[in-house]
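Enquirer: Structure in structure tokens, see below.
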Amino acid sequence: MSKSFMNWSSGKDACYSLLAIKPHLKPELLFTTISKELQRVSMHGLHKSLLEQQAKALNIPLRIAELEKSSSHAAYEKLMQEEMAQLKAQGFETAIFGDIFLEDLKLYRERMLSTVPMEAHFPLWKKDSKILAKEIIKSGIKAIVVCVDGQKLPEDFAGRIYNEQFLNDLPEKIDPCGENGEFHTFCFDGPMFKNPVDFELGGINKSTYPVPKGSESHLTEYVFYFRDLIAKHG
1 MSKSFMNWSS
11 GKDACYSLLA
21 IKPHLKPELL
31 FTTISKELQR
41 VSMHGLHKSL
51 LEQQAKALNI
61 PLRIAELEKS
71 SSHAAYEKLM
81 QEEMAQLKAQ
91 GFETAIFGDI
101 FLEDLKLYRE
111 RMLSTVPMEA
121 HFPLWKKDSK
131 ILAKEIIKSG
141 IKAIVVCVDG
151 QKLPEDFAGR
161 IYNEQFLNDL
171 PEKIDPCGEN
181 GEFHTFCFDG
191 PMFKNPVDFE
201 LGGINKSTYP
211 VPKGSESHLT
221 EYVFYFRDLI
231 AKHG
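Right, here's the structure in full:
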């Protein structure tokens, strides 16, 4: 019997996908990438120790691939192809993603997997973001905002709990699920957890990234704010 794995971001959409997915596709593995240098999830800024505690609380094995700091896009794709080939050899046939409406990203994922080959499955695809956001909160999933795009949200949104008040406070043009990268979350509890992930709040770190050449943006750099979460052991 073929097996499936979840492309794991540690956030609310990935967690809700575990509830939304059909029983025969329930993932037997969580797969994610982290920075080898920082030991953190790239766009979430989440430390590996919290990922491991989260997977343990979900009772699903975790597989981590480490990316070098200076990795090019080609190097990233090479690493992913190697990882997918190994998973294929272990009997995994389906990769599950928590994407909602970004067509280019969906096509990219499908193209990458077609060379393995593997199937891609998107349990949240084309759901209305406003409805989905409320469904996630109503489901009992508890998440905290760990990163915000400084061009779209103020710094103090980093570290807020993802709840109805957070949704009400979002500017009108911000997607309530953060699907355009406006913010990222860490899911620390929910109906699929055997226990909450215990952590304490750290400080807010500002990171800047140069705007790619040829971009239509008038900015010279992009600013992101990361709220550090510190794992509490025992």
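For the sequence shown, UniProt numbering gives the first residue as 1, with consecutive numbering after it. Every residue, glycine too, gets a C-beta built ideally from N, C-alpha and C.
#1: Taking residue 195 as part of the alpha helix (DSSP H), name the residues at either end of that continuous run.
#2: May I ask you to report which of helix, strand or coil DSSP gives residue 248?
#3: Just to confirm my understanding: we take residue 123, look at its own chain, exclude 5 residues before and 5 after, and list those with CB closer than 6 Å. What are they?
#4: Using the Cβ count rule (16 or more neighbours within 10 Å means buried), how would you classify residue 235?
#5: At a cut of 8 Å, does the stretch 34 to 48 reach the stretch 61 to 68 through at least three beta carbon pairs?
#6: Taking the straight line between their C-alpha atoms, what separation do you get for residue 101 and residue 176?
#7: May I ask you to report which of helix, strand or coil DSSP gives residue 15?
#8: If contacts are defined as beta-carbon pairs under 8 Å, then residue 158 and residue 147 qualify, I think. What distance do you get, rounded to the angstrom?
#9: Do you know how far the Cα of residue 129 is from the Cα of residue 144?
#10: Decide if residue 54 is buried, meaning its Cβ has at least 16 other Cβ atoms within 10 Å, or exposed.
#11: Can you name, in chain order, every residue of its own chain whose Cβ lies under 7 Å from the Cβ of residue 193, other than the five neighbours on each side?
#12: Can you tell me whether DSSP reads residue 158 as helix, strand or coil?
Expert: The short version:
#1: Translated into positions along the sequence shown, residue 195 becomes position 195. Unbroken run through residue 195: none, as it is neither H nor E.
#2: There is simply no residue 248 to check, as the chain begins at 1 and stops at 234 in what is shown.
#3: Position 123 of the sequence shown, counting from 1, holds the residue named residue 123. So the list reads 17, 20, 21, once near-sequence residues are dropped.
#4: The requested residue 235 does not occur in the structure, where the chain is confined to residues 1 to 234.
#5: yes
#6: Reading the sequence shown from its first residue, position 101 is the one you call residue 101. Reading the sequence shown from its first residue, position 176 is the one you call residue 176. Those two C-alpha atoms are separated by around 13 Å.
#7: In the sequence shown, counting from the first residue as 1, residue 15 sits at position 15. Three-state DSSP puts residue 15 in a helix.
#8: By 1-based counting over the sequence shown, the position of residue 158 is 158. By 1-based counting over the sequence shown, the position of residue 147 is 147. Right, the Cβ-Cβ distance comes to about 6 Å (below 8 Å), so this counts as a contact.
#9: For the purposes of this step, residue 144 is taken as residue 144 along the sequence shown, with counting starting at 1. For the purposes of this step, residue 129 is taken as residue 129 along the sequence shown, with counting starting at 1. A direct Cα-to-Cα measurement between residue 144 and residue 129 gives close to 18 Å.
#10: Numbered from 1 along the sequence shown, position 54 holds the residue referred to as residue 54. A buried status is given to residue 54, since no fewer than 16 other beta-carbon atoms sit within 10 Å of its beta-carbon.
#11: Position 193 of the sequence shown, counted from the first residue, corresponds to residue 193. Excluding residues within five positions, the ones whose Cβ falls inside 7 Å are 57, 58.
#12: Reading the sequence shown from its first residue, position 158 is the one you call residue 158. Three-state result, residue 158: coil.
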